[in-house]
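Take 570 as the starting number for the sequence shown in the working numbering and just add one per residue.
Single-structure report; data block below.
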Amino acid sequence: MGILFLQPVLSMQMTNPPLIVTLAMGKEATALFNQLRIAHFPPERNFIDAHLTLFHALPNEPAITNTIKEAATTQKPFELRITAPVSIGKGVAFKVESSELQSLHSRLQKHWKDVLTAQDKQKLWPHITIQNKVPPAEAKALLEQLLADFSPMQTIAAGLQLWEYLGGPWGFVGEYEFTAT
């Protein structure tokens with residue numbers, strides 16, 4: 570089912586903190602990735618739980634929130650495949666695959682095309698970072714450890730989460746479950 574977008578085009582002025590959109594996942598997978606993040610992410614940089622970011626810096630305007638709410642009501646929950654731990658240079662992430670996720674992201678990108686940053690205009694590379702900004706040797710050791718025991722798994726994409734970027738920490742705005750049937 571397609572997303573209905575009824576909101577007007579937004580201005581690029583950002584007087585409030587920018588908004589970040591993440592994907593809400595199944596509880597078991599979220600708990601697993603949070604445990605890994607707590608164990609391996611530098612504590613002084615670990616401001617938030619494990620997450621899958623869809624958009625990094627949207628204007629903090631009511632139209633964005635309204636579009637997120639509307640998108641959630643027109644989207645069914647869908648399957649995510651966690652396919653492998655991968656190197657991100659100075660860290661490790663889990664690669665996520667889902668054609669439904671790519672489609673949802675593409676629809677939102679098209680709707681917000683006039684207000685996206687260069688980063689948010691790029692094709693989505695879905696991943697869940699559990700370690701970042703560590704020495705490359707430490708990241709390589711963790712990747713080898715995770716690869717030794719890894720089996721692909723599945724979880725559910727359950728909704729969208731909205732955050733404000735507060736210069737390091739993120740402020741939770743809301744979670745919007747996928748409710749289409």
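Cβ coordinates follow ideal geometry from the N, Cα and C atoms, glycine included.
| Check | Outcome |
| --- | --- |
| The alpha helix (DSSP H) enclosing Ser-672, as first and last residue numbers | 668-680 |
| Glu-713 to Leu-601 span [Cα, whole Å] | 18 Å |
| Residue environment, Phe-616, which counts as buried when at least 16 other CB atoms sit within 10 Å | exposed |
| Top-ranked residue by Cα proximity to Thr-698, from Thr-622, Glu-669, Gly-595, Pro-612 | Thr-622 |
| For Glu-733 and Pro-586, believed in contact at Cβ under 8 Å, the rounded distance | 4 Å |
| For Asn-603 and Ile-657, believed in contact at Cβ under 8 Å, the rounded distance | Between Asn-603 and Ile-657 the Cβ distance is about 18 Å, and since that is not below 8 Å, they are no contact. |
| Leu-528 - DSSP class collapsed to helix/strand/coil | Nothing can be reported for residue 528: it is not among the residues displayed for the chain, which extend from 570 to 750. |
| Distance between Ala-626 and Ile-572 (C-alpha atoms, nearest Å) | Low confidence applies here, because Ile-572 scores a pLDDT of 42, under 50, leaving its location unreliable; read the following figure in that light. Near 21 Å, if we compare the C-alpha coordinates of Ala-626 and Ile-572. |
| Neighbour-count burial assignment, Gln-730, 16 or more Cβ in a 10 Å radius | buried |
| Cβ distance (whole Å) where Ala-749 is taken to contact Gln-644 below 8 Å | 5 Å |
| Start and end residues, alpha helix (DSSP H) containing Ala-640 | 631-642 |
| Where the alpha helix (DSSP H) through Glu-707 begins and ends | 705-718 |
| Coil, strand or helix - Lys-659 by DSSP | coil |
| Rounded separation between Val-742 and Thr-652 - CA only | 30 Å |
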